[in-house]
Each structure stands twice: as C-alpha cells, then as structure tokens.
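Right, one structure below, let's go through it.
In our numbering, the protein residues as written are -1 to 119.
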C-alpha cells in the first residue's frame, strides 16, 4: 500500500517483503523508512483489527515502527483492545490521538437522527 501511495518509492522494501528476504520486521521497516526519507507528501497507513495480532515479534516491530517512522507518515491503528505498543510513551510525547467508545458512541439525538435518516430511505 505504501509503495502505491508513495508513487513507487518503496521498490526494495516491497521486493524484500514479497520474497521474505529480511532479517527482521524492524530491518524491513528501516529499509522502508530509508526509501521514504525524501518523500514529503503525507502518507497514512491504516491497520485494522490489530487486537487479533498475538505475535510478540510483530508487536516489537511495531514499537520500532512507532519510534522511527518518518514525520510525514501517520499510522492509524484500529483495535478493540489497548495494543502492547508503549502507548503511555506516545501519550506523554503527545504523539497519540485515542478514540474510545465514549467518543464513538452516539448521543440519543444522534441515534435518533441516524435511524430517522435510514428508515426514511
């Protein structure tokens, strides 16, 4: 996805990924960040259902990702549980925007408007 979004700048990372020729996920991410170093357009990477990941090696690689990602790359992580990624450190550095059930829940009026609109169609 990043290869396509960056206009084809991640050729080596994509090849390494497809052939599984990398020492670790962190090494693959490091190569990706090198390739994105001169790309200054905003990039957004969305990972959904992160709560399904149970592999500690992936969590460790994602912690590396979060510590070293380029400034123009925004990671959007969707999870039903708090991921083991050093979230407290991100909060302290003001590098985290959290949206929980409180922010996503409809108010009574919003729910009424939603259903009125849906049922009217």
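All residues carry an ideal CB built from backbone N, CA and C; glycine is no exception. Bear in mind that the values here come from a model prediction, so they are computed numbers and not experimental data.
Can you give me the start and stop residues for the alpha helix (DSSP H) that residue i sits inside?
i          : result
residue 83 : Neither: residue 83 is in no alpha helix (DSSP H) and is coded neither H nor E.
residue 60 : 54 to 66
residue 22 : Neither: residue 22 is in no alpha helix (DSSP H) and is coded neither H nor E.
Which residues in the same chain as residue i place their Cβ atom closer than 7 angstroms to its Cβ, once the five residues preceding and following it in sequence are excluded?
i          : result
residue 46 : 76
residue 99 : none
Tell me whether residue i is buried or exposed, calling it buried when 16 or more other Cβ atoms sit within 10 Å of its Cβ.
i          : result
residue 8  : buried
residue 33 : buried
Please name the residue, chosen from the options, that lies closest to residue i on a Cα-to-Cα basis.
i          : options            : result
residue 60 : 22, 37, 100 and 18 : 22
residue 44 : -1, 97, 69 and 113 : -1
residue 26 : 96, 56 and 113     : 56
residue 50 : 35, 39 and 81      : 81
Beta-carbon within less than 6 angstroms of residue i's beta-carbon, same chain only, minus the 5 sequence neighbours each way: which residues are those?
i          : result
residue 84 : 61
residue 1  : 8 and 12
Can you pull the DSSP bridge partners for residue i?
i          : result
residue 41 : 71
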